[in-house]
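So that you can map any letter, position 304 of the sequence shown is 324 in our numbering, and since no number is skipped, the others follow by simple counting.
Every residue gets a Cβ at the ideal spot worked out from N, C-alpha and C, and that includes glycine.
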Amino acid sequence: MAKESIKRKMLAGRICDAIAAIGYTNASAIMDIVDNSVSAGSTKVDIYFELEDTKTFSDKSNVLSVKVIDNGCGMDEERLCSALDIGSLQDYPENSLSKYGFGLKSAGFSLGPCISIVSKKGGSITRVASVDKRKLQEDYIVDLLDEGSFLDFASAVLTGDSGTAVEVSGCQDKNHDSAKKTIDLLAERLGVTYAYFLDKKESPLEIYIHSSGRPAVKVTSRDILHRDKCISEFDKDRYDCLQPILRKDIELPVSDDPAVDPLRLEVVIFPPRKMHTNPALSPEQRSQILSYDVSRKNKGFFIYRNDRLIRWADDLDGLVGKDDLLVRARLRTTTAHDDILHVDVSKQNLFVPEDVYSRIEKELRIPLREMEDVRKRCDEILASEEGQPFNVRNQDLAPQDEEGPRAADDKAEARRRRNELAKRTREKLSQQGEVEDPPEQVVDSNVPLFQRVRYSDKVGLTLWEMGEDASEGTFVRINTNHSFYRTVLSSMSEDAAARQSIEGLLWCAAVGEAFTLEHMKLPPEEIEAVLSKFKKVLSSNLDTWCSNNQDLFGNA
């Protein structure tokens, strides 16, 4: 059989376009460049943003260049040029943050078209090695420059015997997020991403973020699991809903090969964010609960590779559901697990095979079940307070009928219907196990307090349900399982004006429903069908609105 091998072209420009489009955000691209600094043994990394003078800090595409400066081991000129090779042939140490030799190029070109590097080793500084994607066609060309503003900048900031400076320029030509958004995200995530390096006892890492005309931001380490605040025992009848609960800290075997270390899995259950509204807590305790930042954007798995975060709040294909906000896990992997978990070229994405997935799922069953116990316990603690400020303030509030005097027969029929509503309400509450407690006494008076606003987890699918009391009148039960409660109402303290306003609106809706049922001259079952349809449609659309606007209330 004849065989012919022919050499084909590789278009350098197209390849660079492709590796730049693997899914980086600005922040993740910059952190991928920082990885090189960490791998070089740096103890200090400075990130500089050069901004366009004609734009504000919050304008999109307002960054001209990004520079990353470190005090690592540095490179000579030959190794410097090799660092710009696509798929550079470098021997990475065991458990390095680098992998394929694509990171600098793919991350850099995702930020801007031109990457430049200068390095210092043994006190000697190199020329600038630069590659401009805009000039590439078939061949991959690296320019070596012995002068220019970047070389002057690098010479000024590389004050030690060694270090490296990387610049990505031309960033304004891409449709990028604003410097403010990128810097805010870096400030939030760098402390979690490099927590293990920032916390090292010997030669800890320091990271600073600089932008034109603004003070430098020093990155502080942040343990996403708050292990220093965790308790290890959970008693669902005594839990104070203040501290996180460590439910798992185990090794998880993933291979029969004894040379492959197990994964490390930690699982923590947090108290819900709404607990900061508990009036019984001190200001310090409320701040502590808020510091956990329990929200949709922080639930699920935080996956580390070689002590560097590569996945933020991953649900692992639905293993952690969209409403499981209280569960947070940390999964620690090493280079030895790359092939098992199919870690990709960006080191941001992975795939958990079925056997490993099943083991993680098994370990998560008890924490997910206990999460519901935590949620119920915290709801019980808050239940005695929810609605009380509204009820105390509005103890004399009486329903108003916009229509004039009614005929005697109409009044009699309305009274009959009202009594029937009250009877059905009592029966329903009894069936659901929500027998009403005796009315509390209003503070500084002998008047019993009628609960016009109540909270319940047995309402069903709608946001609220109308109830009728034979002697006191209409009340409303607000559904604690509805996303509007979990997203909006529970984020406010019980006495907040906005919360009482919403409670008032829902009580008025319940009053309108009761008056319609009592006075409208149609068969009650027809009226109920119309009102039920209205509430279901409203509640369903409100649920969708909540899902799309989590970030307004700190639940993104």
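Beta-bridge pairing by DSSP links G487 to F495. For F122, the three-state secondary structure derived from DSSP is coil.
According to DSSP, I270 shares a beta bridge with L285.
Taking the Cα of A199 as reference, the smallest distance to any Cα among K87, T445, S78, L441 is reached at S78. Partner residues in the beta bridge of H230, as assigned by DSSP, are Y68. G320: member of the beta strand (DSSP E) spanning 320-325, first to last residue. In the structure shown, A103 falls within a helical segment according to DSSP collapsed to helix, strand and coil. If you ignore the 5 residues before and after C566, its C-beta comes within less than 6 Å of the C-beta of S503, F504, T507, all in its own chain and listed in chain order.
As a beta-bridge residue in DSSP terms, K87 pairs with Y68, E187. Judged by DSSP in its simplified three-state form, C250 adopts coil rather than helix or strand.
Cβ neighbours of Y216 within its own chain (closer than 7 Å, five residues either side excluded): D327.
When beta bridges are read from the DSSP output, T353 appears opposite R325. D343: not part of any beta strand (DSSP E); DSSP gives it neither H nor E.
V88 and F69 have their C-alpha atoms spaced approximately 9 Å apart.
For the set R379, A22, V186, K249, the Cα lying nearest the Cα of M95 is the one of V186.
Here A349 is buried, its C-beta having at least 16 other C-beta atoms within 10 Å. A contact is defined here as three or more CB-CB pairs under 8 Å, and the region 331-351 meets this definition with respect to the region 287-295. Distance check between R352 and each of D337, L301, L370, G338 places L370 closest, using alpha-carbon atoms only. The residue among N318, T76, A149 with its C-alpha nearest the C-alpha of A103 is A149. Counting only residues of its own chain and dropping the five nearest sequence neighbours on each side, I401 has a CB closer than 6 Å to the CB of C261. Take the alpha-carbon of S57 and the one of A22: they are about 50 Å apart. Cβ-Cβ distances below 6 Å link R325 to T353 in the same chain, with the five nearest sequence neighbours on each side left out; the list follows chain order. Remark: three or more beta-carbon pairs, one from each stretch, lie closer than 8 Å, so the region 37-50 and the region 125-133 are flagged as touching. The three-state reading of DSSP puts K220 in coil, since its state is none of H, G, I, E or B.
The way I'd put it, the region 169-180 doesn't touch the region 199-210; fewer than three beta-carbon pairs between them come closer than 8 Å. H357 counts as buried, since at least 16 other C-beta atoms from the protein chains shown sit within 10 angstroms of its C-beta. When C-beta atoms of the region 224-241 are compared with those of the region 371-385, fewer than three pairs fall below 8 Å, so the two segments do not count as touching.
The region 253-271 and the region 211-225 do not touch, with fewer than 3 CB-CB distances between them shorter than 8 Å. DSSP places S307 inside the alpha helix (DSSP H), whose first and last residues are 303-311.
Shortest Cα-Cα distance from I360 to any of E447, G480, R306, S275 involves S275. If you look at K201, you'll find it in the alpha helix (DSSP H) that goes 199-213. If you ignore the 5 residues before and after E523, its C-beta comes within less than 6 Å of the C-beta of F410, V473, all in its own chain and listed in chain order. Note: S139 is bridge-paired with T184 in the DSSP secondary-structure output. Note on geometry: alpha-carbon atoms of P292 and S307 lie some 13 Å from one another. When G168, D163, N439, V340 are compared, the shortest CA-CA separation from R385 is found for V340. Three or more beta-carbon pairs drawn from the region 433-452 and the region 538-549 are found closer than 8 Å, and the two stretches are therefore classed as touching.
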